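Worksheet for the structure shown next.
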Amino acid sequence: MDLSLTTRTEGGRTVVEVGGEVDVYTAPKLRETLVSLVDAGQYELVVDLERVEFLDSTGLGVLVGGLKRVRTHDGSLSLVCTQERLLKIFRITGLTKVFDIHPDVASAI
Numbered sequence: 027m028d029l030s031l032t033t034r035t036e037g038g039r040t041v042v043e044v045g046g047e048v049d050v051y052t053a054p055k056l057r058e059t060l061v062s063l064v065d066a067g068q069y070e071l072v073v074d075l076e077r078v079e080f081l082d083s084t085g086l087g088v089l090v091g092g093l094k095r096v097r098t099h100d101g102s103l104s105l106v107c108t109q110e111r112l113l114k115i116f117r118i119t120g121l122t123k124v125f126d127i128h129p130d131v132a133s134a135i
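Residue numbers (my numbering): 27 to 135.
In structure tokens:
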């Protein structure tokens, strides 16, 4: 499975919709997207993980890196995720304390 990424602006924030698998092979594509958004001055990001079928440690690292990057500009990176298998990964790794995780894009904005 490949990775699909789409971005849009909604409510003053940039929403990145992620679909497919985020793993060691596809995570660099997500990293490039997040880096280019921050480099373009987008510091309020929402990453929508609702269509993600698989997320590994490389993908988690990219999300943490994106969060650190926006925070250096006093920005934020929120996640949209309701899938229990992904939420379990965030809980086990302690990342629920690091990320604001929302049930939908509207509440993240």
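Note that the Cβ used here is the ideal one computed from N, Cα and C, for glycine as well.
Note that this is a predicted model, so its numbers are computed, not measured.
Task: Boundaries of the alpha helix (DSSP H) in which L112 is found, first to last residue - done: Against the sequence shown, residue 112 aligns to sequence position 86. From DSSP, the alpha helix (DSSP H) with L112 extends over E110 to I118.
Open item on the list: Report the start-end ranges of each alpha helix (DSSP H) in the region 53-91 that is 4 residues or longer and not cut off at the edges.
Closed with: 53-65
Open item on the list: Contact between the region 117-134 and the region 47-67 is defined here as three or more beta-carbon pairs at a separation below 8 Å; is this criterion met?
Closed with: no
- [ ] Determine the direct distance from the alpha carbon of E70 to that of G38, and round the result to whole angstroms.
- [x] As a working note, residue 38 is residue 12 in the sequence shown. As a working note, residue 70 is residue 44 in the sequence shown. Going from the Cα of G38 to the Cα of E70 covers about 8 Å.
Open item on the list: Spatial neighbours of A53 within its chain, please: C-beta separation below 6 Å, excluding the five flanking residues on both sides.
Closed with: On the sequence shown, residue 53 is found 27 positions in, with the first residue counted as 1. Here the set comprises T84, G85 and V88.
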